[in-house]
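Residue numbers (my numbering), protein chains in the order written: chain A, 16 to 315; chain B, 7 to 257. From the three backbone atoms N, C-alpha and C, an ideal C-beta is built for every residue, glycine too. On a predicted model such as this, the values are computed, not experimentally measured, just so you know. Each remark here refers to the structure printed beneath this line.
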Amino acid sequence: MIEAVRLQKHYGKTKAVDDLSFTVRPGRVTGFLGPNGAGKSTTMRMILGLDTPTGGDVRIDGQHYAQLKQPLRKIGALLDAKWVHPNRSARSHLKWLAVSNKIPVSRVQEVLEVVGLTEVAHKNAGGFSLGMSQRLGIAGALLGDPEVLLFDEPVNGLDPEGILWIRQFMHRLAGEGRTVFVSSHLLSEMSQTAQDLIVIGRGQLIAQTTTEQFIADATQDTVRVRSPHAAKLREILAAHATVTDDSASGSLVVHGIPAQQIGELAAEHQIVLHELSPQRGSLEEAFMQLTKESVEYQAH
Amino acid sequence: MTLLAVERIKLFSTRSPYWCSALALVLGVGLTAIIAGTTDNGQVSLGVTQFGSSQLALSVVLVMAALAVTTEYRFSTIRATFLAVPNRTSALVAKTVVVAFIAALLGEIIAFGSVGIAKVLSPASDLAINTSGEWRHVAGVGLLYGIGAIIAIAVGILVRQTAGAVAILLVWNMLLEGLIGIIPKVGVKIQAWLPFMNANHFLQLGGDNMAEQAGAGVDFKLSQWGSLGYFAGIAVALLVVALIVAKRRDA
């Protein structure tokens, strides 16, 4: 379990992370979501003891990262696939990592096979494509067979094949009962991988919830209504909800009350409806809506 | 021991230490070879054999030691290091020990290699190492390299980028300390307390060709071994500062 309590990181006047508290539950995949510059990477660096928080605290199973005796056996992280020496072979890179945490060197071969890099293991990491580097980074994270895994934007810049591979890999890790904490700025990506979501914007917590709940909350209460008596219907609904005209299709878009209630209201006033459809709003829209609010809130 | 093994793997799994070692060897021994080859047979002295090792090759070794840490920052492998070993002080001390040991070993190879090549090229010269002063002059080069490597690593940790660290080390070692002697009156007094000047003082052979040796004309207040201790003290002090900074700084 990763637990952050009132975590802060200030760079001069900029508050990269501002009073952020959250819990990453064990045995689940938790998505860490926020637009670029929201403070996701900074938070991850603080979890891993690379950056010192300005205030607050973050612990892994009750311990600071620096207190972990052999950290790679507890938590494996991939923050940046390019954190390898370009003139060092993939195998050598993994070997020194293994030795540093007293992990048997035979494990290097195992993780190379897991990520499918066995054939290029002797080659210098500098010549690797982004996808291969990403695999090497994941091999490094898996080296100590840790129960907790941390990935920062693992699909960023990958081609579709690479994205699919990473996604399947996350599922596999979760299936093995590991705790996975993965950041992304793409909600659609997360909605397919993560069970829990921690959403931040401008360094502040916007939501911590299950993915299911988040999607339900974000997409409810938008209903498209079409009626030959639009003006009258508009009047009636306006008393209960926010109604906007969709001039393109000549229909009404109703926020704030469920489709069921609109139907009942229409029946009560004997208004004919040609369409009554709840909108499954796009996740990205909902996400942008949420994070935009946080930005506006910040600007005041 | 684990951390020493880690740093050894890291150092020898890239090419730059091999190239730097080879370059230091070629320059150090090569300069002696040229000097011995162009001097009349029988006229080469032991003091002359160490110009290459104590002046020229030293610079290459300083660069190699600085590179061992600046490349870690350059490629962010320092972060991978700190993730694997959260105790930054242990990790960096292990690196310092490994690099300093290799530098010292290289120093001995170059120093004795230089004497050897001089013997081959100028067989009539008296190049026997008999007195304790002569032993210090040759075998001391290794100590100089080891301590110099500590300074280079400290500078590397503080500056974090190759170009800056290399510039500082080369200007400091090759130019600055020598040029300070130009300052009238006080210059020589200051030089008596400069680290690389003291390092050269430690190596001084004395005797007939005293004036040709580095650090000549400076009125050192310390004994020769005292000078080495002073050089080592400054190196350790710099390293301690660097370790404190590295511990407090965001990686």
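Interface residues of chain B around residue i at Cβ under 8 Å?
i             : result
residue 102/A : 20, 21, 22
residue 112/A : 86, 90
residue 1/A   : No answer is possible for residue 1/A: the residues shown for chain A start at 16 and end at 315.
residue 63/A  : 89
How big is the Cα-Cα spacing for residue i and residue j?
i             : j             : result
residue 250/B : residue 232/A : 49 Å
residue 179/A : residue 171/A : 12 Å
residue 225/B : residue 211/B : 15 Å
residue 36/B  : residue 69/B  : 19 Å
residue 271/B : residue 109/B : Any answer about residue 271/B is impossible in this case: the structure gives chain B only from 7 up to 257.
residue 259/A : residue 55/A  : 36 Å
residue 226/A : residue 238/A : 22 Å
residue 257/B : residue 81/A  : 13 Å
residue 66/A  : residue 25/B  : 34 Å
residue 94/A  : residue 140/A : 16 Å
residue 108/A : residue 193/A : 24 Å
residue 89/B  : residue 156/A : 10 Å
residue 133/B : residue 113/B : 18 Å
residue 161/B : residue 95/B  : 15 Å
residue 55/B  : residue 189/B : 30 Å
residue 255/A : residue 30/A  : 40 Å
residue 130/A : residue 123/B : 52 Å
residue 248/B : residue 164/B : 6 Å
residue 250/A : residue 262/A : 17 Å
residue 72/A  : residue 63/A  : 12 Å
residue 117/B : residue 136/A : 39 Å
residue 311/A : residue 61/A  : Model confidence at residue 311/A stands at a pLDDT of 49, short of 50, so the residue's coordinates are unreliable; what they give is reported in the following sentence. Using only the alpha carbons, I get a separation of about 26 Å.
Can you round the beta-carbon distance between residue i and residue j to whole angstroms, since I take them to be within the 8 Å contact cut?
i             : j             : result
residue 3/B   : residue 179/B : Outside the displayed span of chain B (7 to 257) sits residue 3/B, for which this structure offers no information.
residue 252/B : residue 31/B  : Going by Cβ atoms, the distance from residue 252/B to residue 31/B rounds to 31 Å, so no, they are not a contact pair.
residue 51/A  : residue 87/A  : So it is not a contact: roughly 29 Å between Cβ atoms.
residue 302/A : residue 196/A : Actually they are not in contact, since the Cβ atoms of residue 302/A and residue 196/A sit about 18 Å apart, beyond 8 Å.
residue 138/B : residue 73/B  : Actually they are not in contact, since the Cβ atoms of residue 138/B and residue 73/B sit about 35 Å apart, beyond 8 Å.
residue 104/B : residue 183/B : That pair is no contact at about 27 Å.
residue 244/A : residue 214/A : With 8 Å as the limit, residue 244/A and residue 214/A do not qualify as a contact, their Cβ atoms being about 41 Å apart.
residue 39/A  : residue 17/A  : 4 Å
residue 269/A : residue 252/A : 6 Å
residue 20/B  : residue 171/B : About 17 Å; that fails the 8 Å criterion.
residue 92/B  : residue 83/A  : 7 Å
Taking only three categories from DSSP, how would you classify residue i?
i             : result
residue 50/B  : coil
residue 224/A : strand
residue 166/A : strand
residue 28/A  : coil
residue 108/A : helix
residue 311/A : Any reading at residue 311/A must be qualified, since the residue scores a pLDDT of 49, below 50, and its modelled position is unreliable; no value is offered.
residue 206/B : helix
residue 290/A : strand
residue 191/A : coil
residue 179/B : helix
residue 21/A  : strand
residue 34/A  : strand
residue 60/B  : helix
residue 239/A : strand
What does residue i reach in chain B if we use C-beta pairs closer than 9 Å?
i             : result
residue 136/A : Ordered by position in chain B, no residue passes the 9 Å Cβ test against residue 136/A, which lies about 13 Å from the chain.
residue 92/A  : 89
residue 66/A  : 256, 257
residue 86/A  : 89, 90, 91, 92
Identify the continuous beta strand (DSSP E) that holds residue i and give its terminal residues.
i             : result
residue 90/A  : 90-93
residue 73/A  : 70-75
residue 270/A : 266-270
residue 128/B : Looking at the DSSP string, residue 128/B is not in any beta strand (DSSP E), and its letter there is neither H nor E.
residue 46/A  : 44-48
residue 257/A : 257-261
Could you tell me if the beta carbon of residue i falls within a distance shorter than 6 Å of some heavy atom in the ligand MN?
i             : result
residue 175/B : As far as ligands go, the structure on display features none, and thus does not contain the ligand MN.
List the residues of chain A that residue i touches, going by C-beta distances under 9 Å, in chain order.
i            : result
residue 27/B : Residues of chain A passing the Cβ test: none, with the nearest at roughly 16 Å.
residue 83/B : 98, 99, 100, 103, 108
Anything in chain A within Cβ reach of residue i, meaning under 7 Å, just list it in chain order.
i             : result
residue 12/B  : 111, 114, 115
residue 132/B : In chain order: nothing, as chain A lies at least about 46 Å away.
residue 168/B : The premise fails here: residue 168/B is roughly 13 Å from chain A at the closest Cβ pair, so nothing lies under 7 Å.
Residues of chain B with CB under 7 Å from residue i, in chain order?
i            : result
residue 34/A : Within chain B, no residue comes near residue 34/A; the closest Cβ sits about 19 Å away, beyond 7 Å.
residue 95/A : 82
Could you work out which residues of chain A lie near residue i, taking near to mean beta carbons separated by less than 8 Å?
i            : result
residue 77/B : 100
residue 15/B : 107, 110, 111, 114
residue 8/B  : 114, 115, 117
Which residues mark the beginning and the end of the alpha helix (DSSP H) in which residue i is found?
i             : result
residue 15/B  : 8-18
residue 122/A : 121-130
residue 216/A : No alpha helix (DSSP H) contains residue 216/A, which is instead part of the beta strand (DSSP E) from 211-216.
residue 224/B : Here residue 224/B belongs to no alpha helix (DSSP H), and DSSP marks it neither H nor E.
residue 151/B : 138-165
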